[in-house]
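Visitor:
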Amino acid sequence: MKNRNIILAIFTSLSFGAFAQQLPLYSQYTSLPYLYNPSMVGVSGDVNASLLHRTQWKGIPGAPVTSVFTCEGAIQEKNMGLGLTVLNDNTDISQRVGAYGLYSYHLKINEDQKVLFGLSFGVMNQRIDFSRAIVKDANDPFMTYKTAQRKTYLDATLGATYMWKTLEVGICVPQLIGSKVNYLGTNSSSYYYQSRHYMMSLKYTFDVDKEKGMTVYPLVMLRYAKGAPFQFDVNGVFDWKKRGWAGLCYKHGYAVGVNIGFRVNNSLRAGYAFDYSINSVKNFIGGAHEFFLGYTFGSKNGKSDLTSTGNYDSLINEVTAKNTKQQEEIDKLNEELKKLKEHRDSVRTFIANNPDVKKANVTDFKTEGGSSIKKGMYVVVGAYKSLDNATKDKDFNKEFYKEADLIFNPARGLHYVYVLTSTDIEAANDVLQVIKKKYPDAWIYLLE
1 MKNRNIILAI FTSLSFGAFA QQLPLYSQYT SLPYLYNPSM VGVSGDVNAS
51 LLHRTQWKGI PGAPVTSVFT CEGAIQEKNM GLGLTVLNDN TDISQRVGAY
101 GLYSYHLKIN EDQKVLFGLS FGVMNQRIDF SRAIVKDAND PFMTYKTAQR
151 KTYLDATLGA TYMWKTLEVG ICVPQLIGSK VNYLGTNSSS YYYQSRHYMM
201 SLKYTFDVDK EKGMTVYPLV MLRYAKGAPF QFDVNGVFDW KKRGWAGLCY
251 KHGYAVGVNI GFRVNNSLRA GYAFDYSINS VKNFIGGAHE FFLGYTFGSK
301 NGKSDLTSTG NYDSLINEVT AKNTKQQEEI DKLNEELKKL KEHRDSVRTF
351 IANNPDVKKA NVTDFKTEGG SSIKKGMYVV VGAYKSLDNA TKDKDFNKEF
401 YKEADLIFNP ARGLHYVYVL TSTDIEAAND VLQVIKKKYP DAWIYLLE
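Be aware that the sequence shown starts at 1, since it is given in my numbering, and climbs by one per residue.
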């Protein structure tokens, strides 16, 4: 009897100190914020699957054991998030199994601000094994049943989150419907009432090393339900995007905790959390252990990992910087194109107004060996019917101009002596002005 009284006292104490235990307790909601607030579904931008298992108060029989599976992701083009949660929660004679669909909508206000709205809606099946109940009054109406009874009811959570740069303020209302579950029949006024809860979170992310993806953030969680004392958690987390995270937590009137996690290959994540009880019954209940395993589908080198607003803003800043650099390069190219156009126009004007420039078709000319010649501007000093005379003039000019050579026009039967070939009209004209002192009739042949 003494042991039963101790257990009764422990559960009485914990029912208030652990938020009436209607809602599962989690320690790693810092990594999985949508466990409480559905508006955070899809925030990471990836598709994530997670499995979490928690055992607590191992020092007493019937202690809570919670297992939950989640899968969630974003539909980027529609600013939406979708998810699924499957829950199995056992506490003493009560077992709850539920499945929920999660939806969120992300409303962008401007580059720095957005508001997220979320709803989870599902079905919960609750089983109470009355045969295991230890009661003071055996005639209690609830003891009508000597076997386990099951009831199914609807459940929902409404949530919203405001984000401004690296600040996040979230509110949510779990057990929104407040279902009344009647185990004694339609004529009974006795219910198992799903109390509506009110929760609020506040988080601010600081950059430690932006290039390495290192951040630190405090996160405060507030909880309230009618008939239960006000509670709060204070978390401090260091997050290294490429490696993992580590955090400390204080749960008001209940426990202090530590959690640590690792990231492998930018896809696999594993975490562990331990809560050490600090309340008046700490010597009886022991601590709590929580294990977490997660996998991200399709993440490429972690570049799409946006699990925090700080990382999201960092990516936005990186993209903005790249766009700015690209725009600068585009402006530079446009300026060069403008200069080229101006140069081209000036060349056309020069050619049109300069009688020393003559145009011809490049296919009308050959080398003396019969090969084709390249397009360009040829500074010509003379044209000869006689190849010998042309060769003598070429050899004479070669002493002053290394490029001096001959081209031949078969149709006209003329051998042309040139001293320079170039694609630069200014360079060709400079040589022309010099050569004209010796060959006044020299000209530029523009072969196109």
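The C-beta atom is built at its ideal place from N, Cα and C for all residues, glycine as well.
1. Take F117 as the anchor and find which of T161, N317, K394, G247 has the nearest alpha-carbon.
2. Verify whether the separation of the beta carbon atoms of N79 and Y105 is less than 8 Å.
3. Using beta-carbon positions only, say whether A49 and Y295 come within less than 8 Å of one another.
4. If we count the other Cβ atoms within 10 Å of its Cβ and call it buried at 16 or more, is G370 buried or exposed?
5. Check whether the Cβ atoms of G261 and K242 sit closer than 8 Å, and answer yes or no.
6. Using the Cα positions of N182 and S280, report the straight-line distance between them to the nearest angstrom.
7. With burial defined as no fewer than 16 other Cβ atoms inside 10 Å of the residue's Cβ, what is the status of N265: buried or exposed?
8. Apply the 10 Å Cβ neighbour rule to V319 and answer buried if 16 or more other Cβ atoms are within range, or exposed otherwise.
9. So Y250 and V258 are in contact, right, with Cβ under 8 Å, and what is the actual spacing, rounded?
10. Identify, in the order they occur along the chain, each residue of the same chain with its Cβ nearer than 6 Å to the Cβ of S308, setting aside the five sequence neighbours on each side.
11. Output the distance between the C-alpha atoms of Y36 and L107, rounded to the nearest integer angstrom.
12. Give me, in chain order, the residues of the same chain whose beta-carbon lies closer than 8 Å to that of N301; leave out the 5 immediate sequence neighbours on both sides.
13. Going by DSSP, name the residue or residues bridged to S44.
14. Between L154, K358, Y217, A390, which has its C-alpha nearest I177's C-alpha?
15. Would you say P38 and L167 are within 8 Å of each other, going by their C-beta atoms?
16. Which residue wins for smallest C-alpha separation from A383, given the options S372, I373, D405?
17. G236: which of G244, L222, V216 sits nearest, CA to CA?
18. Starting from E77, trace the beta strand (DSSP E) both ways and give me its first and last residue.
19. Within the same chain, show all residues whose beta-carbon is closer than 6 Å to that of Y193, passing over the 5 residues directly before and after it, in chain order.
20. Using 10 angstroms around the beta-carbon of F292, count the other beta-carbons present and answer buried if the total reaches 16, otherwise exposed.
21. Quick one: measure Cβ to Cβ for L87 and E290, integer angstroms, because I've assumed they're closer than 8 Å.
22. For the 8 Å Cβ check, are there 3 or more pairs between the region 84-100 and the region 59-69?
23. Determine the closest residue to G98 out of G73, K58, T152, with distance taken between C-alpha atoms.
24. Compare the Cα-Cα distances from S201 to each of L447, Y34, L432 and report the closest residue.
25. Quick check: the Cα distance between V380 and N317, rounded to an integer number of angstroms?
26. Taking the beta strand (DSSP E) that K358 belongs to, which residues open and close that run?
27. Is the CB-CB distance between E403 and L414 below 8 Å?
28. Where does R196 sit, in a helix, a strand or coil, going by DSSP?
29. Looking only at its own chain, which residues have a Cβ that is under 6 Å from the Cβ of K322, when we skip the five neighbours before and after it?
30. Would you identify the three-state DSSP class for N259, choosing helix, strand or coil?
31. If you drop the 5 nearest sequence neighbours on each side, which residues of the same chain put their C-beta closer than 7 Å to that of E368?
Guide: For this structure:
1. Of T161, N317, K394, G247, the residue nearest in Cα terms is T161.
2. Cβ atoms of N79 and Y105: closer than 8 Å.
3. In terms of Cβ geometry, A49 and Y295 form a close pair [threshold 8 Å].
4. An exposed status is given to G370, since fewer than 16 other beta-carbon atoms sit within 10 Å of its beta-carbon.
5. No, the Cβ-Cβ distance between G261 and K242 is not below 8 Å.
6. Looking at the backbone, the Cα of N182 and that of S280 are separated by about 34 Å.
7. Answer is exposed; the Cβ neighbour count stays below 16.
8. It counts as exposed.
9. Rounded, the Cβ-Cβ distance is 11 Å, inconsistent with contact.
10. Bear in mind that the predicted position of S308 carries a pLDDT of just 44, short of 50, making it too unreliable to give a figure here.
11. Roughly 20 Å separates the two Cα atoms.
12. Caution is warranted here: a pLDDT of 47 is assigned to N301, below 50, making its placement in the model unreliable, and no coordinate value can be reported.
13. S44 pairs with nothing; no bridge assigned.
14. Just measuring C-alpha positions, the residue of L154, K358, Y217, A390 sitting nearest I177 is L154.
15. Not closer than 8 Å, so no.
16. Taking A383 as reference, the option from S372, I373, D405 with the minimal CA-CA separation is D405.
17. For G236, the nearest C-alpha among the options comes from V216.
18. Premise fails: E77 is in no beta strand (DSSP E) and is neither H nor E.
19. Result list for Y193: K180, in chain order.
20. Buried: at least 16 other Cβ atoms inside 10 Å.
21. So it is not a contact: roughly 14 Å between Cβ atoms.
22. With a cut-off of 8 Å on Cβ pairs, the region 84-100 is in contact with the region 59-69, counting three or more such pairs.
23. Ranking G73, K58, T152 by Cα distance to G98 puts T152 first.
24. Ranking the options by Cα distance to S201, first place goes to Y34.
25. Roughly 60 Å between the two C-alpha positions.
26. For K358, the enclosing beta strand (DSSP E) stretches over residues 357-360.
27. Taking 8 Å as the Cβ cut-off, E403 and L414 do not qualify as a contacting pair.
28. DSSP places R196 in the coil class of the three-state scheme, outside both helix and strand.
29. Cβ within range, chain order: n/a, list empty.
30. Looking at N259 - three-state DSSP - the assignment turns out to be strand.
31. The residues L406, F408, in chain order, have a CB closer than 7 Å to that of E368 in the same chain once the five nearest residues on each side in sequence are set aside.
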